[in-house]
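Q: Just so you know, full-length UniProt numbering puts 306 at position 306 of the sequence shown, and the rest follows in order with no gaps.
The beta carbon of each residue, even a glycine, is placed where N, CA and C say it ideally should be.
Take this structure, written in structure tokens, and hold onto it; I'll ask about it next.
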Amino acid sequence: MGVFAVCSVSVAEAGFFSFLNKILGNGGREEKIEVVKNSQTVLLLQSVLNSNPAAGQGGGGISVMNNNALLPDTGPLGSVADIGEGAANSVRISVYVVREGDSLSQIAGMFNVSVNTIVWANALRSGDLIQTGQTLIILPVTGVKYTVEKGDTLSSIAKKYKGDTEEILRYNDLASADDLVVGEEIIIPDGEASYTPVYSGRSNPARGTGGPSYVGYYMRPIEGGVNTRVTASNPHGLHGYNAVDLASYCGAPIFASASGDVIISRSYGWNGGYGNYIVISHSNGTQTLYAHLSKNIVSVGWHVVQGQVIGYEGSTGNSTGCHVHFEIRGAMQPF
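As structure tokens, then:
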């Protein structure tokens, strides 16, 4: 059966945590969990954390390109109602706890993502079996679906769609560039099409936009530092899903941008390119994500206050140097 963890968790405690060992811990904590039937029998899901990610200088990050819906236009079961209202909910990351009778393909079908999206974001290997009680992160990935043509090479495809060759290999479970097969479809994670994306169904927020503006709500997650993505054509350095890359120095403290509850804290693994990363859910319905950390010092279920140190700047995952990849999901990016 499937359990969606609704991350309106109210807790306060200290201690280090490895995400895969537990989720939304207990011990005097008040938790809210929405229990639904499993992926084979469920009729409708309540609006919980629904999907979307991005990349750092490197990254993690697949939207609707060329009518290929790699992220859901509707909820996991084909209904707009189970996504929730507005763009803010459509960019949320999902947490799913496996129950008896679930399979990867069924869970992927619930979220309208590929099995590889789940495998890639959870450091699974092709052919791995999932276990009852196992926690899966549904990282809605942005990118382009592409059919390999005669004469294509991995590097030419990556260059055409502004992707990363290593990301393409990892996501598509390819051992090497020689494994490309003419006629097969692959995904270019965080790829960009040279044409204007065609969206079907309800509109999704454009990459680089974030919804409403909450003036004064968020603080900068590092002290000082520079936005490494700023260019003449991109003066705000926005990329991925409303993200900026902020660099100070390796080991610099990373602060909670606003008060809220820690819903994801992964302290090892590739994690779709994010490396070590943390996601905090806020009372205004938004989420903030902090990626490529050298160390996480908060755990799932913690309640953190604005300005609290949650980890340290690093270069884990798909990263070219120490920085924090900082996303705001559901609101304008003020930094």
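Cutting at 8 Å between CB atoms, please list the residues of its own chain near Gly307, excluding the five before and the five after it.
A: Mapped onto the sequence shown, residue 307 falls at position 307. Here the set comprises Met219, Phe255 and Ala256.
Q: Output the boundary residues of the alpha helix (DSSP H) element that contains Ala121.
A: Within the sequence shown, the letter at position 121 stands for residue 121. It spans Val115 to Ala121 - the alpha helix (DSSP H) in which Ala121 sits, taken as one unbroken run.
Q: Determine the closest residue to Thr147 out of Thr165, Lys295 and Leu180, with distance taken between C-alpha atoms.
A: In the sequence shown, the residue the question calls residue 147 occupies position 147. Measuring from the Cα of Thr147, the nearest candidate turns out to be Leu180.
Q: Does Gly269 come out as helix, strand or coil in the three-state DSSP assignment?
A: Numbered from 1 along the sequence shown, position 269 holds the residue referred to as residue 269. Coil.
Q: Taking 9 Å as the threshold (C-beta atoms), are Leu139 and Ala123 in contact?
A: What you label residue 123 is simply residue 123 of the sequence shown in a count that begins at 1. What you label residue 139 is simply residue 139 of the sequence shown in a count that begins at 1. No, these two residues do not count as a Cβ contact at 9 Å.
Q: For the stretch 271-289 against the stretch 319-330, do three or more pairs of beta-carbon atoms, one drawn from each stretch, fall closer than 8 Å, so that the two count as touching?
A: Counting Cβ pairs under 8 Å, three or more are found: they touch.
Q: Report the three-state DSSP secondary structure of Ala232 (helix, strand or coil).
A: If you number the sequence shown from 1, residue 232 lands on position 232. Looking at Ala232 - three-state DSSP - the assignment turns out to be coil, as it is neither helix nor strand.
Q: Give me the Cβ distance between Tyr214 and Pro189, rounded to the nearest whole Å; I'm assuming they're in contact under 8 Å.
A: On the sequence shown, position 214 is the one that residue 214 refers to. On the sequence shown, position 189 is the one that residue 189 refers to. 29 Å between Cβ atoms; not a contact.
Q: What residues are listed by DSSP as bridge partners for Gln287?
A: Taking the sequence shown and counting its residues from 1, one reaches residue 287 at position 287. According to DSSP, Gln287 bridges with Ser281 and Arg329.
Q: Taking 8 Å as the threshold, find out whether the stretch 290-302 comes into contact with the stretch 265-276 through three or more Cβ pairs.
A: Judged by Cβ distances under 8 Å, the stretch 290-302 makes contact with the stretch 265-276, as three or more pairs qualify.
Q: What is the rounded straight-line gap between the Cα of Gly301 and the Cα of Gly151?
A: The residue labelled residue 301 in the question sits at position 301 within the sequence shown. The residue labelled residue 151 in the question sits at position 151 within the sequence shown. The straight-line gap from Cα to Cα measures roughly 50 Å.
Q: Rounded to whole angstroms, what's the CA-CA distance from Gln131 to Ser114? Just pull it up for me.
A: Locating residue 131 in the sequence shown gives position 131, where the first residue counts as 1. Locating residue 114 in the sequence shown gives position 114, where the first residue counts as 1. If you take the alpha carbons of Gln131 and Ser114, they lie about 19 Å apart.
Q: Which residues share a DSSP beta bridge with Glu185?
A: Numbered from its first residue, the sequence shown carries residue 185 at position 185. Bridge partners of Glu185: Thr147.
Q: For Asn234, count the other beta carbons within 10 Å of its own beta carbon; 16 or more makes it buried, fewer makes it exposed. Which is it?
A: Sequence index remark: in the sequence shown, residue 234 carries index 234 (1-based). That one is exposed.
Q: Output needed for Val226: all residues of its chain with C-beta closer than 6 Å, excluding positions within five of it in sequence on either side, in chain order.
A: Residue numbering aside, residue 226 sits at position 226 when the sequence shown is read from its first letter. Answer for Val226: Ala247, listed in chain order.
Q: Identify the continuous alpha helix (DSSP H) that holds Ile254 and give its terminal residues.
A: Position 254 of the sequence shown, counted from the first residue, corresponds to residue 254. From DSSP, Ile254 is part of no alpha helix (DSSP H) but of the beta strand (DSSP E) over Pro253 to Phe255.
Q: Which partner residues of Gly260 appear in the DSSP bridge assignment?
A: Position 260 of the sequence shown, counted from the first residue, corresponds to residue 260. DSSP lists Val304 as partners of Gly260.
Q: Under the three-state reduction of DSSP, which class applies to Gly109: helix, strand or coil?
A: Numbered from 1 along the sequence shown, position 109 holds the residue referred to as residue 109. In this structure, Gly109 counts as helix in the three-state DSSP scheme.
Q: What are the residues that DSSP puts in a beta bridge with residue 337?
A: Since the first and last residues shown for the chain are 1 and 335, residue 337 lies out of range.
Q: To the nearest angstrom, report how far apart Asn242 and Tyr217 are at their CA atoms.
A: Walking along the sequence shown from the start, residue 242 turns up at place 242. Walking along the sequence shown from the start, residue 217 turns up at place 217. Looking at the two C-alpha atoms, the distance is approximately 16 Å.
Q: Beta-carbon within less than 6 Å of Pro212's beta-carbon, same chain only, minus the 5 sequence neighbours each way: which residues are those?
A: For the purposes of this step, residue 212 is identified with residue 212 of the sequence shown, where counting begins at 1. Excluding sequence neighbours, Pro212 sits near Ala331.
Q: Name the DSSP bridge partner or partners of Val226?
A: As a position in the sequence shown, residue 226 is number 226, starting the count at 1. Note: Val226 sits in a beta bridge opposite Ala247.
Q: According to DSSP, is Leu154 helix, strand or coil?
A: Reading the sequence shown from its first residue, position 154 is the one you call residue 154. Here Leu154 sits in helix by DSSP.
Q: Please look up how many angstroms separate the CB atoms of Ile264 and Ile93, rounded, as I've assumed it's under 8 Å.
A: As a working note, residue 264 is residue 264 in the sequence shown. As a working note, residue 93 is residue 93 in the sequence shown. Indeed they touch by this definition, with Cβ atoms about 7 Å apart.
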